[in-house]
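Residue numbers (the working numbering): 8 to 214.
Ideal Cβ positions, reconstructed from N, Cα and C, are used throughout, including at glycine.
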Amino acid sequence: ISSALSHVVAPIAPVTERLAVWAHVLIILSFLVYLPYSKHLHILVAAFNVYFGRTRPRGRLEPVDFEKPEAEVRFGSARSSDMTWKQMLDVVSCTECGRCQDVCPAYATGKALSPKLLIMAMRDNLLSGATTPIVPNAVTDDIVWDCVTCGACVRECPVNIEHIDHVLDLRRNLVMVESRFPEEAGAMLRDVDRTSNPWGRPQSDRM
Numbered sequence: 008i009s010s011a012l013s014h015v016v017a018p019i020a021p022v023t024e025r026l027a028v029w030a031h032v033l034i035i036l037s038f039l040v041y042l043p044y045s046k047h048l049h050i051l052v053a054a055f056n057v058y059f060g061r062t063r064p065r066g067r068l069e070p071v072d073f074e075k076p077e078a079e080v081r082f083g084s085a086r087s088s089d090m091t092w093k094q095m096l097d098v099v100s101c102t103e104c105g106r107c108q109d110v111c112p113a114y115a116t117g118k119a120l121s122p123k124l125l126i127m128a129m130r131d132n133l134l135s136g137a138t139t140p141i142v143p144n145a146v147t148d149d150i151v152w153d154c155v156t157c158g159a160c161v162r163e164c165p166v167n168i169e170h171i172d173h174v175l176d177l178r179r180n181l182v183m184v185e186s187r188f189p190e191e192a193g194a195m196l197r198d199v200d201r202t203s204n205p206w207g208r209p210q211s212d213r214m
């Protein structure tokens with residue numbers, strides 16, 4: 008059968024080969040054009056996110072530099088434009104593998120937080136060019152406050168996304184700019200403001 012078919016297809020083989028080659032080239036080039044607008048963008052940027060990953064302790068809250076002019080002082084992230092370049096690189100590097108979600112204790116207990124969906128929501132908000140606040144338009148208040156900042160998601164992420172940095176910046180903006188926080192946090196924050204400790208105890212009681 009093969010011998011018989013070879014005589015039939017031999018005349019059209021060169022044309023078929025050229026068509027197949029050009030079809031492959033067009034498919035590859037079309038994918039490259041589509042790549043920046045798809046979830047596959049991480050193919051291009053994930054390696055850079057790993058390279059520029061932090062070397063200092065993970066999850067440490069960066070202090071606010073009040074020495075800067077008032078217009079340049081950054082109180083967390085209200086909008087995508089408030090994010091640092093590394094945070095923007097973080098959200099577009101997500102591979103959607105779900106490893107962070109699998110180890111998240113908040114997600115395991117049925118809370119609203121999913122580290123994976125948080126990063127995806129912030130990515131979609133960034134790529135859409137939205138100028139509205141991230142919370143509550145892309146992420147709800149519950150999601151932001153459900154995080155226990157244990158760092159399991161950060162340790163598990165294969166592309167070194169710093170989930171905690173995003174959560175803490177969203178919280179910082181809610182507290183310092185909008186004065187929005189859970190009721191149970193109100194007493195603690197007042198004690199910190201008044202006595203510099205979360206228990207409301209005077210300095211004279213320190214050991």
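### Task
Could you tell me which uninterrupted alpha helix (DSSP H) segments, each at least 4 residues in length, are contained entirely in the stretch 34-64, listed from first to last along the chain?
49-58
### Task
Report the rounded CA-to-CA distance for Leu33 versus Val71, giving the unit in angstroms.
50 Å
### Query
Could you give the uninterrupted runs of the alpha helix (DSSP H) lying entirely in the stretch 139-200, keeping only those of 4 residues or more?
141-144, 148-153, 159-163 and 170-183
### Message
Would Met129 and Glu103 qualify as a contact pair, given that the criterion is a beta-carbon distance under 8 Å?
### Response
no
### 8 Å Cβ cutoff met for Leu175 and Leu96
no
### CA-to-CA distance, Met183 to Glu79, given in whole angstroms
15 Å
### Where the alpha helix (DSSP H) containing Asp72 begins and where it ends
From DSSP, Asp72 is part of no alpha helix (DSSP H); its letter is neither H nor E.
#### Entry: Near the ligand GDP: Arg81 beta-carbon under 7 Å from a heavy atom
You won't find the ligand GDP in this model; it holds no ligand whatsoever.
### Query
Under 8 Å between the Cβ atoms of Gly83 and Arg179?
A distance below 8 Å separates the beta carbons of Gly83 and Arg179.
### Task
Please check the pair Leu42 and Ile50, which I expect to be a contact at CB under 8 Å, by giving their CB distance rounded to whole angstroms.
7 Å
### Proximity below 8 Å, CB of Glu74 to CB of Val110
Taking the C-beta atoms as reference points, Val110 is found no nearer than 8 Å to Glu74.
### Task
Using a Cβ cut-off of 8 Å (strictly closer), state whether Ile171 contacts chain D.
In the structure shown, chain D does not exist; there is a single protein chain.
### Query
Considering only the beta carbon of each residue, do Ser100 and Ala53 sit closer than 8 Å?
yes
### Query
How long is the line joining the alpha carbons of Val199 and Ser37, rounded to whole angstroms?
56 Å
### Query
Excluding sequence positions up to five away, which residues of its chain have a Cβ less than 8 Å from the Cβ of Gln210?
Thr202 and Ser203
### Message
Give me, in chain order, the residues of the same chain whose beta-carbon lies closer than 8 Å to that of Cys157; leave out the 5 immediate sequence neighbours on both sides.
### Response
Counting only Cβ-Cβ distances below 8 Å, and skipping sequence neighbours, we find Pro112.
### Backbone CA spacing between Arg187 and Asn132 [nearest angstrom]
In a straight line, the C-alpha of Arg187 is about 21 Å away from that of Asn132.
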